[in-house]
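Engineer:
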């Protein structure tokens with residue numbers, strides 16, 4: 054829940070002075086046209102007391118010269134509120150600023166200007182303890198103070214934020230202040246063990262997690278880990294077992310890394326982080342925002358929306374998903390993901406036509422709200438679509454794409470007596486499959502291209518002997534998928550543990566004018582085999598036994614165009630995005646010895662009795678096969 058917002062923070066520093074200070078001479082000589090002139094603000098820095106006495110550094114921006122009663126919009130962050138607040142108003146909050154609000158930016162406890170002790174993703178408090186605090190109580194106390202001390206507020210507050218800031222927004226809605234009337238959690242995680250950030254289905258997200266821990270807990274300010282070589286694939290491979298992290302670097306001095314090591318499974322510690330258990334009502338109107346190619350937090354927005362939908366009797370629950378990487382909706386364009394062009398400026402469209410009117414409706418009683426419950430961008434078609442719910446309840450049929458002989462992929466199930474038909478490969482932890490073409494830059498910091506990796510051409514891996522794939526013939530008509538996707542692998546290993554990585558890809562035509570033969574990843578996920586029965590209680594895999602593994606490939610709204618192909622790829626490493634599985638069962642992979650890592654033979658079955666397939670939600674009457 055990290056990178057795009059971090060880079061934005063660092064870049065916006067230079068914009069703040071221009072917004073809140075005196076105009077430069079050049080600007081004074083050549084005023085901007087009225088329609089593009091930005092509002093100016095009076096800024097105030099205060100320390101707001103919380104119920105336990107801790108004071109939080111807060112920046113308040115009130116429109117200069119305004120005497121109208123305005124709502125308050127709050128952004129709480131661990132990324133230095135004083136650094137990017139002014140620049141944010143001039144850039145990705147510009148459409149909100151034009152509407153007219155009092156903006157409040159706050160450092161959470163223990164970060165930058167705020168007092169107290171920082172705890173990453175502070176768990177919700179025990180409500181039975183009247184003295185307990187959490188991010189919800191800090192937001193509540195902040196709103197209470199603002200209403201009493203900020204002149205010309207209209208008694209309403211809204212909150213929004215992306216990534217960690219989005220999670221903080223989500224926390225405020227769990228136990229909201231009565232004046233909190235609209236929230237927009239954007240790219241908020243819902244569980245950093247099940248599907249966001251640190252883990253996916255029990256598999257550890259190594260590169261992101263290692264660097265983020267150092268970034269947030271290496272000092273009070275943001276600090277990047279000092280890699281001594283550019284290609285972090287080589288660096289992590291040379292590191293060996295994760296046991297060497299503490300031994301060589303952290304020395305048990307990073308609390309979050311300690312928690313990774315001490316809690317490798319979904320135990321009571323991680324269960325407190327599962328957001329769904331706290332979403333038992335939809336009291337505050339909510340605009341949940343995500344990106345189809347969010348490299349950090351896609352599971353979260355979809356899970357949050359669906360959890361609240363069960364309680365949304367007042368129609369207050371809204372979802373927006375665009376063709377974006379993490380936080381791309383707050384960039385100038387939002388038109389591209391690497392080399393993939395979606396045909397329009399989707400980011401400013403969202404900010405102007407969806408986000409700004411939505412907050413104005415709930416906080417200022419302005420206009421009507423024509424927004425559908427779910428507004429999603431259908432890539433391939435390259436157009437926004439509106440739905441009454443997500444996934445749609447009608448107009449979609451589940452279709453199975455079966456793995457077949459000779460690398461074929463077919464909507465027809467396997468036939469005949471091929472009871473033992475399979476494709477195999479050797480997975481060697483000493484030579485893991487990279488998650489992108491090497492050299493691989495660091496996740497955070499100078500030179501990082503982490504934000505766009507999900508748009509990379511996947512042909513870099515297709516000729517490796519430890520990767521298997523199946524592909525449809527050239528499509529004779531468009532195929533539109535609208536809803537949930539899942540892979541069902543019937544697989545075995547000669548080891549006692551295994552990772553299964555599944556990619557669903559769109560293969561462009563070889564005659565495509567711009568991207569001939571490009572392999573674009575539409576959906577993907579990893580599943581750690583030890584958790585096939587339970588994330589709480591890992592079990593060794595029985596060698597050479599065929600098990601079914603269901604890999605949730607999440608959800609999509611995507612059009613595979615006529616002339617393209619659909620491709621499914623399976624592998625057992627994805628490094629260093631995901632840590633290496635020893636392929637020998639050990640109780641705790643964080644404590645594995647280097648000698649535990651063993652090569653193993655993997656088999657993916659495609660017989661009538663063990664038919665591996667990917668289930669697609671094919672839209673009816675929109676180009677179905």
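Residue numbers (the numbering used here): 54 to 678.
For each residue, glycine too, the CB sits at the ideal point set by N, CA and C.
(1) Using beta-carbon positions only, say whether residue 479 and residue 550 come within less than 8 Å of one another.
(2) Go ahead and pull the three-state DSSP assignment for residue 225.
(3) Can you round the beta-carbon distance between residue 205 and residue 120 to whole angstroms, since I take them to be within the 8 Å contact cut?
(4) Under 6 Å Cβ to Cβ from residue 358, same chain only, skipping five residues before and after it: list those, please.
(5) Count the other CB atoms, across all protein chains shown, that sit within 10 Å of the CB of residue 279; report buried if there are 16 or more and exposed otherwise.
(6) Please list the segments of the beta strand (DSSP E) lying wholly inside the region 139–212, counting only runs of 3 or more residues, in order along the chain.
(7) CB residue 382 to CB residue 353, shorter than 8 Å?
(8) Sorted by chain position, which residues of the same chain lie with C-beta nearer than 8 Å to residue 442's C-beta, five sequence neighbours on each side aside?
(9) I'd like to confirm the pairing. Which residues does DSSP put opposite residue 114 in its beta bridges?
(10) Should residue 81 be labelled buried (16 or more other beta-carbon atoms within 10 Å of its own) or exposed?
(11) Are there 16 or more other CB atoms within 10 angstroms of the CB of residue 423, so buried, or fewer, so exposed?
(12) In terms of residue numbering, what span does the beta strand (DSSP E) encompassing residue 605 cover?
(13) If you drop the 5 nearest sequence neighbours on each side, which residues of the same chain put their C-beta closer than 7 Å to that of residue 536?
(14) Report back the beta-carbon spacing between residue 655 and residue 625 to the nearest angstrom; my notes put them in contact at under 8 Å.
(15) According to DSSP, simplified to helix, strand and coil, what is residue 588?
(16) Residues in the same chain with beta-carbon distance under 7 Å from residue 152, minus the five sequence neighbours each way, listed in chain order, please.
(17) Give the C-beta separation of residue 514 and residue 486 to the nearest angstrom, bearing in mind that I take them to be a contact with Cβ-Cβ under 8 Å.
(18) Can you give the Cα-Cα distance for residue 230 and residue 148, rounded to whole angstroms?
(19) So, at 6 Å on beta carbons, what are the nonlocal neighbours of residue 261 in its own chain, with the 5 sequence-adjacent residues on each side left out?
(20) With H, G and I counted as helix, E and B as strand and the rest as coil, what does DSSP make of residue 275?
(21) Just verifying my parser: in three-state terms, what is the DSSP assignment at residue 560?
(22) Find the nearest neighbour of residue 296 within the set 364, 317 and 575, judged by alpha-carbon distance.
(23) Determine whether the beta carbon atoms of residue 222 and residue 244 lie at a separation below 8 Å.
(24) Less than 8 Å between the CB atoms is what I'm expecting for residue 584 and residue 591, so what's the real figure, rounded?
(25) Using three-state DSSP, classify residue 448 as helix, strand or coil.
(26) In three-state DSSP terms, what is residue 215?
(27) Since residue 620 is in the beta strand (DSSP E), which residue starts that stretch and which ends it?
(28) In whole angstroms, what is the alpha-carbon distance linking residue 250 and residue 598?
(29) Starting from the Cα of residue 125, find the closest Cα among 103, 202, 469 and 144 and give me that residue.
(30) By Cβ distance, which residues of its chain are closer than 7 Å to residue 405, with the 5 residues on each side in sequence left out?
(31) Ordered along the chain, which non-local residues of its own chain (more than five positions away) have a Cβ less than 6 Å from that of residue 299?
(32) Is residue 286 helix, strand or coil by DSSP?
(33) Should the region 269–283 be regarded as contacting the region 566–577, the criterion being three or more beta carbon pairs within less than 8 Å?
(34) I'd like to check one pair, residue 632 with residue 257: are the Cβ atoms closer than 8 Å?
(35) How many Å lie between residue 176 and residue 617 at the Cα?
(36) For residue 369 and residue 520, what's the separation of their Cα atoms in angstroms?
Structural biologist: Short version:
(1) Residue 479 sits at position 426 when you count from the first residue of the chain shown. Residue 550 sits at position 497 when you count from the first residue of the chain shown. For residue 479 and residue 550, no; Cβs fall outside 8 Å.
(2) Start at 1 with the first residue of the chain shown, and residue 225 comes out as number 172. The answer is helix: DSSP assigns residue 225 an H, G or I state.
(3) Within the chain shown, numbered from 1, the residue matching residue 205 stands at position 152. Within the chain shown, numbered from 1, the residue matching residue 120 stands at position 67. Confirmed, about 6 Å.
(4) Position 305 of the chain shown holds residue 358. Hits under 6 Å: 341 and 372.
(5) Numbered from 1 along the chain shown, position 226 holds the residue referred to as residue 279. The residue is exposed, with fewer than 16 neighbouring Cβ atoms inside 10 Å.
(6) 155–160
(7) Stepping through the chain shown from its first residue, residue 382 is reached at position 329. Stepping through the chain shown from its first residue, residue 353 is reached at position 300. Not a contact, by the Cβ cut-off of 8 Å.
(8) As a first step, residue 442 must be located in the chain shown, where it is residue number 389. Contacts found: 362, 426 and 427.
(9) The count along the chain shown starts at 1 and reaches residue 114 at position 61. Its beta-bridge partners are 96 and 156.
(10) Position 28 of the chain shown, counted from the first residue, corresponds to residue 81. Residue placement at residue 81 is flagged as unreliable, the pLDDT there being 28, under the threshold of 50; the coordinate-derived value follows with that caveat. Looking at its Cβ environment, which holds fewer than 16 other Cβ atoms inside 10 Å, residue 81 is exposed.
(11) As a working mapping, residue 423 is identified with position 370 in the chain shown. The residue is exposed, with fewer than 16 neighbouring Cβ atoms inside 10 Å.
(12) Position 552 of the chain shown, counted from the start, is the residue given in the question as residue 605. Residues 600–613.
(13) In the chain shown, residue 536 corresponds to position 483, counting from 1. Around residue 536: 444, 445, 449, 608 and 670.
(14) Residue numbering aside, residue 655 sits at position 602 when the chain shown is read from its first letter. Residue numbering aside, residue 625 sits at position 572 when the chain shown is read from its first letter. Rounded, the Cβ-Cβ distance is 5 Å, consistent with contact.
(15) Stepping through the chain shown from its first residue, residue 588 is reached at position 535. Residue 588: coil per DSSP, three-state reduction.
(16) Indexing the chain shown from 1 puts residue 152 at position 99. Only 409 and 413 meet the Cβ criterion.
(17) To locate residue 514, count along the chain shown from 1; it is residue 461. To locate residue 486, count along the chain shown from 1; it is residue 433. Contact holds; Cβ gap of about 6 Å.
(18) By one-based count along the chain shown, residue 230 stands at place 177. By one-based count along the chain shown, residue 148 stands at place 95. Cα to Cα, residue 230 sits roughly 26 Å from residue 148.
(19) Counted from its first residue, the chain shown places residue 261 at position 208. Within the same chain, residue 261 has close Cβ partners 496.
(20) Taking the first residue of the chain shown as position 1, residue 275 is located at position 222. Three-state DSSP puts residue 275 in coil, outside helix and strand.
(21) Mapped onto the chain shown, residue 560 falls at position 507. DSSP places residue 560 in strand when its eight states are reduced to three.
(22) Walking along the chain shown from the start, residue 296 turns up at place 243. With distances taken between Cα atoms, residue 296 lies closest to 317.
(23) Mapped onto the chain shown, residue 222 falls at position 169. Mapped onto the chain shown, residue 244 falls at position 191. No, they are not a contact pair.
(24) Stepping through the chain shown from its first residue, residue 584 is reached at position 531. Stepping through the chain shown from its first residue, residue 591 is reached at position 538. At roughly 6 Å, the Cβ-Cβ gap stays under 8 Å, so residue 584 and residue 591 are in contact.
(25) Translated into the one-based positions of the chain shown, residue 448 becomes position 395. Residue 448 falls in the coil class under three-state DSSP.
(26) Taking the first residue of the chain shown as 1, we reach residue 215 at position 162. If DSSP states are grouped into helix, strand and coil, residue 215 belongs with the strands.
(27) As a working note, residue 620 is residue 567 in the chain shown. Here the beta strand (DSSP E) through residue 620 covers 618–624.
(28) In the chain shown, residue 250 corresponds to position 197, counting from 1. In the chain shown, residue 598 corresponds to position 545, counting from 1. Spanning the two alpha carbons is a distance of roughly 31 Å.
(29) Counting from 1 along the chain shown, the entry for residue 125 is found at position 72. Closest by alpha carbon: 202.
(30) Residue numbering aside, residue 405 sits at position 352 when the chain shown is read from its first letter. Taken in chain order, the residues that qualify are 148.
(31) Counted from its first residue, the chain shown places residue 299 at position 246. Here the set comprises 305.
(32) Numbered from 1 along the chain shown, position 233 holds the residue referred to as residue 286. Residue state, collapsed to three classes: helix.
(33) no
(34) Position 204 of the chain shown, counted from the first residue, corresponds to residue 257. Position 579 of the chain shown, counted from the first residue, corresponds to residue 632. Yes.
(35) Along the chain shown, read from residue 1 onward, the residue named residue 176 stands at position 123. Along the chain shown, read from residue 1 onward, the residue named residue 617 stands at position 564. If you take the alpha carbons of residue 176 and residue 617, they lie about 46 Å apart.
(36) Position 316 of the chain shown, counting from 1, holds the residue named residue 369. Position 467 of the chain shown, counting from 1, holds the residue named residue 520. Their Cα atoms are separated by approximately 45 Å.
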